[in-house]
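Heads up, the thing below is written out as structure tokens.
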Amino acid sequence: MGSPIPELNESPLLSEEAVTAYRENGHVRIPGLASAESIERIRPAVVETGARARFDHRPLEERDTYGQAFLQMMNLWTLNEDIQGFVHAHRFARAAAQLLGVEAVRLYHDQALFKEPGGGLTPWHQDQFYWPLETSQTITLWLPLVPVEIEMGPMSFASGSQKPGPLGDFAIGDVSEAAFQDRVQREGWPITPPDGLAVGDASFHSGWTLHRAGPNHTERMREAFTIIYYADGATVGALDHPARRFDRDLWLAGCEPGQPAAGPLNPRLG
Ligand SMILES: O=C(O)CCC(=O)C(=O)O
41 MGSPIPELNE SPLLSEEAVT AYRENGHVRI PGLASAESIE RIRPAVVETG ARARFDHRPL
101 EERDTYGQAF LQMMNLWTLN EDIQGFVHAH RFARAAAQLL GVEAVRLYHD QALFKEPGGG
161 LTPWHQDQFY WPLETSQTIT LWLPLVPVEI EMGPMSFASG SQKPGPLGDF AIGDVSEAAF
221 QDRVQREGWP ITPPDGLAVG DASFHSGWTL HRAGPNHTER MREAFTIIYY ADGATVGALD
281 HPARRFDRDL WLAGCEPGQP AAGPLNPRLG
């Protein structure tokens, strides 16, 4: 185990502008949420642990659109103590709680999302379609581990699209890409264009915010790490879709609908 990263215990307040932008648009970018040094220190553990946790070993060209979007390696905090310290960090959880306007959050799960060289687009989707959580107070922190240029596929968001909540029964894929592209145009939700991020920059988006990312046109891996939180006190929602039952079994094991979403993998943070 490496030595602790001190700034992870510090929690500078986000600006009022950032909080207002998040609540209005359903997403916000926070330049320098972490120092480049902190990210550079955690990166080797994520890359190494992620390689062990990778479950899809098919070549890129044999995967479907979702599979080509990124390699997805989940709950790395359960496999590595340094990543545990990073995922449980006060710094990130406090920022998430401040944006949501709640006292504390719980961890849903982490995931590394590595868009490979030549990797495809990330189709428009709503994350919370998958989550059996009876709250709209859900939020994802997205942190690049390497500088991300526009050609590597950073994310775009449809501002305000979180407001209606669920927008239909669309798992991520070709159908969600087409349906939500059409919906975004019809509703006139402004699309935040993709922009490069430096190491230490981050974005947060709500579980209901429509978002997508372009393909990776470079020879470099677009390494991103995400941490998903929800408001402490939220209960487990209906298991009315196989995807939501799957997620409950994976991330909220032992928690039944109507009960607090507070299983052993969901520490209270913040
Ligand atoms: O990294 C990407 O391409 C998409 C990430 C995403 O959909 C998410 O973090 O919710």
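The sequence shown begins at 41 in the working numbering and counts up by one. Note that CB positions come from ideal geometry on N, CA and C, so glycine has one too. What you are looking at is a predicted structure, and each value in this text was computed from that prediction instead of being measured.
Counting only the Cα atoms, histidine 149 lies some 9 angstroms from threonine 266. Judged by DSSP in its simplified three-state form, threonine 232 adopts strand. In the three-state scheme derived from DSSP, where H, G and I count as helix and E and B as strand, arginine 262 is classed as strand. DSSP, reduced to helix, strand and coil, places methionine 195 within a strand of the structure shown. Between phenylalanine 197 and histidine 245 a beta carbon distance of about 6 angstroms is seen, short of the 8 angstroms cut, so the two are scored as contacting. Restricting attention to Gly240, Trp117, Pro234 and Glu227, the CA atom closest to the CA of arginine 252 is found in Pro234.
In this structure, Asp272 is the residue among Asp272, Arg288, Pro307 and Gly303 with its C-alpha nearest to the C-alpha of alanine 144. Using a Cβ distance threshold of 8 angstroms, valine 87 and leucine 139 do not count as a contacting pair. Distance check between glutamine 221 and each of Gln299, Trp164 and Glu47 places Trp164 closest, using alpha-carbon atoms only.
DSSP, read as helix, strand or coil, puts threonine 162 in strand. A straight line joining the alpha-carbon of leucine 173 with that of proline 184 spans about 26 angstroms. The Cβ neighbour count for glycine 205, taken over all protein chains shown within 10 Å, is under 16; the residue is labelled exposed. In the DSSP annotation of this structure, the continuous segment of the alpha helix (DSSP H) that includes tryptophan 291 starts and ends at 282 to 291. At a Cβ-Cβ threshold of 8 angstroms, glycine 160 and proline 255 count as neighbours. In the DSSP assignment, isoleucine 70 falls within the beta strand (DSSP E) that extends over 67 to 70.
Take the alpha-carbon of aspartate 209 and the one of proline 282: they are about 12 angstroms apart. Annotated three-state conformation of isoleucine 82 is helix, per DSSP.
Under the Cβ criterion (8 angstroms, minimum of three pairs), the stretch 88 to 98 counts as touching the stretch 109 to 118. In this structure, glycine 240 sits away from alanine 85, with a CB-CB distance that is not shorter than 8 angstroms.
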